[in-house]
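Per the working numbering, residue -11 is the first one in the sequence shown, and the count goes up by one each step. Take a look at the structure set out below.
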Amino acid sequence: MTLEELKHALRITHDLDDKMLETIKAAAEKFIKDSVTLSKERDAFFIDNPCFDDAVMMLCGHRYENRSATTNKNLQEVPFGVMSYIQQFKGEYPSWTMDD
């Protein structure tokens, strides 16, 4: 997913936060991938995977909207939908490696 696709999904129309969004996106991708497997051959599993892209968008949106260390709201550290995807990926990844 490109930065422009992420910005479109998050409804961000300016470029003031592009550097921050790139950092958030890279961290979200690494967090999700590392949560599934640390295998060096993992990248192909996540390429063209719409569920991975959706999980990255959810996590990026959460991190972008909740970048302050303090808030009056009750927050989750990681959105529930992202954790659901991670569990799904953990189940799919072993069979994907056997098919590959």
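Think of the CB as a built atom: it goes at the ideal place given N, C-alpha and C, for glycine as much as any other residue.
Length of the line joining the Cα atoms of residue i and residue j
i       : j     : result
Asp31   : His2  : 30 Å
Arg(-1) : Val70 : 19 Å
Glu17   : Leu4  : 22 Å
Ala(-3) : Ser83 : 31 Å
Residue i (DSSP reduced to helix, strand or coil)
i        : result
Leu9     : helix
Glu29    : coil
Pro67    : coil
Leu4     : coil
Met(-11) : coil
Cut-off 8 Å between Cβ atoms - residues of its own chain near residue i, not counting five sequence neighbours on either side
i     : result
Ala15 : Arg51
Own chain residues within Cβ distance below 6 Å of residue i, not counting five before or after
i     : result
Phe40 : Phe34
Ala43 : Ile20, Val70, Tyr73
Met46 : Pro67, Gly69, Val70
Cβ neighbour criterion (16 or more within 10 Å) applied to residue i
i     : result
Met8  : exposed
Met86 : exposed
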